[in-house]
Amino acid sequence: MSVTKRIERLLLDRGVHPRKIKREISVACNVRYETVRQWFNGDIYQVGADYLITIADKWDGNFEWLRTGDGPMYRVRMEEDGPVYQLPPEKQAWLDLYDRTTEFERTLLVSELDRIRHAFRKPSGPSVKRGHNGAAVRIQESPVAS
262 MSVTKRIERL LLDRGVHPRK IKREISVACN VRYETVRQWF NGDIYQVGAD YLITIADKWD
322 GNFEWLRTGD GPMYRVRMEE DGPVYQLPPE KQAWLDLYDR TTEFERTLLV SELDRIRHAF
382 RKPSGPSVKR GHNGAAVRIQ ESPVAS
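Under the numbering used here, read the sequence shown as residues 262 to 407, first letter to last.
Here it is as structure tokens:
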């Protein structure tokens, strides 16, 4: 089967009226009607790959099938409808912020967050050490004599 026969078959299968096939292709590919007519009459030997891509995209066809006749006529869908995960508002706010920042701002933001997290992890009171039996022992700092 020729490329133009495969194009015609795809469009007919997608519900395009037989008399409107060439016009629809002309509009979709942004080429003159005469050019499309020449494709179908064989005056122009080859339909360009860019036009086949446009046709495949518009009518949900398989580019490889249009080009060679191999594979299924329709594009194979990879995505499936699955559960929609809704992020908690706090996480969504972080993602929205991330999307609005430049790479430089992201680097600064990560650096600043690391600094803040490190500051909060430092003990801020009497030191705690482990005794010889593993129990926590609070060390009282002796007052400094003035």
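Beta carbons are placed, not taken as given, at the ideal position from N, Cα and C, and that holds for glycine.
Alpha carbon to alpha carbon, how far is residue i from residue j?
| i | j | result |
| --- | --- | --- |
| T265 | L369 | 56 angstroms |
| E295 | V337 | 32 angstroms |
| Q353 | F301 | 52 angstroms |
| G330 | V292 | 24 angstroms |
| G276 | P350 | 44 angstroms |
| Y335 | R267 | 11 angstroms |
| D304 | R367 | 57 angstroms |
| R378 | R361 | 23 angstroms |
| C290 | L374 | 51 angstroms |
| Y312 | P333 | 19 angstroms |
| T363 | T315 | 34 angstroms |
| L356 | F324 | 36 angstroms |
| L348 | R382 | 27 angstroms |
Got a sec, what are the start and stop residues for the alpha helix (DSSP H) residue i sits in?
| i | result |
| --- | --- |
| D321 | Neither: D321 is in no alpha helix (DSSP H) and is coded neither H nor E. |
| T265 | 264-274 |
| L358 | 350-360 |
What would DSSP say about residue i, mapped onto helix, strand or coil?
| i | result |
| --- | --- |
| Y335 | strand |
| P279 | helix |
| S287 | helix |
| I377 | helix |
| Q299 | helix |
| S407 | Legend: pLDDT at S407 = 48, less than 50; position of this residue unreliable, no value from coordinates given. |
| V308 | coil |
| Y346 | coil |
| R382 | helix |
| R293 | coil |
| T329 | helix |
State yes or no: is the C-beta of residue i within less than 8 angstroms of the C-beta of residue j?
| i | j | result |
| --- | --- | --- |
| L358 | L271 | no |
Validate contact between the stretch 274-293 and the stretch 317-334 using beta carbons, cut 8 angstroms, 3 pairs: yes
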